[in-house]
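Enquirer: Residue numbering for the sequence shown follows the working numbering, starting at 191 and increasing by one per position.
Glycine is no exception: its CB is placed at the ideal position from the N, C-alpha and C atoms.
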Amino acid sequence: MSILRNLVIVLSCWLVAAPASAQEGPWPHLALATGAGLDWVTTHRVLSLSPQYEGNPLVGRNTWGQLAIKTASTAFTSWTMRKIGKAGHPRIARWLGYSAGAGLTVIAIHNERLYRDRRDWRRRCVALGCQ
């Protein structure tokens with residue numbers, strides 16, 4: 191199993207095992223931040239292989255630009271969750287945090303698969319002498 195898959199499994203178990211009272215606190219924000227972090231790390235890994243590209247036109251290939259946009263969008267989503275929760279809709283705020291974190295984790299898993307496929311292709315190509 192890969193490190194990413196192990197991390198996703200551990201964090202998922204950790205979030206599911208949290209008591210209901212704890213899920214009302216920082217847990218949805220943690221799920222969001224974890225998904226965003228996994229997405230950024232795996233996107234950076236995939237982009238380290240030359241023919242890959244970022245699908246989001248705002249981000250591009252600049253590592254610091256990626257980090258800045260990812261951090262800003264995560265902070266804005268977290269702020270929005272707090273505002274929604276304080277407006278009397280804590281269930282919607284929790285749903286937003288968990289679903290955004292899960293969606294970003296799915297993107298991270300997709301990125302990890304792209305990385306492995308490309309890495310394995312390079313290894314086969316080097317072994318066959320096609321470069």
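1) Pick helix, strand or coil for Ala-302, following the three-state DSSP scheme.
2) By the three-class DSSP mapping on this structure, what secondary structure does Ala-290 have?
3) Buried or exposed for Trp-230, going by 16 or more other Cβ atoms inside 10 Å?
4) I'd like to check one pair, Gly-287 with Ala-226: are the Cβ atoms closer than 7 Å?
5) Does the stretch 244-251 come into contact with the stretch 278-286, if we say contact requires no fewer than three beta-carbon pairs (one atom in each stretch) closer than 8 Å?
6) Is the separation between the beta-carbon of Leu-294 and that of Val-236 shorter than 7 Å?
7) Along the chain, where does the alpha helix (DSSP H) containing Leu-222 start, and where does it finish?
8) What number of angstroms, rounded off, separates the C-alpha of Gln-256 from the C-alpha of Cys-315?
9) I'd like to know whether the C-beta atoms of Leu-228 and Arg-308 end up nearer to each other than 7 Å.
Expert: Reading from the atomic positions:
1) In the sequence as displayed, the identity of residue 302 is Glu instead of Ala. Glu-302 falls in the helix class under three-state DSSP.
2) helix
3) Only buried fits Trp-230, as 16 or more other CB atoms lie within 10 angstroms of its CB.
4) no
5) no
6) In this structure, Leu-294 sits away from Val-236, with a CB-CB distance that is not shorter than 7 Å.
7) 217-237
8) 30 Å
9) no
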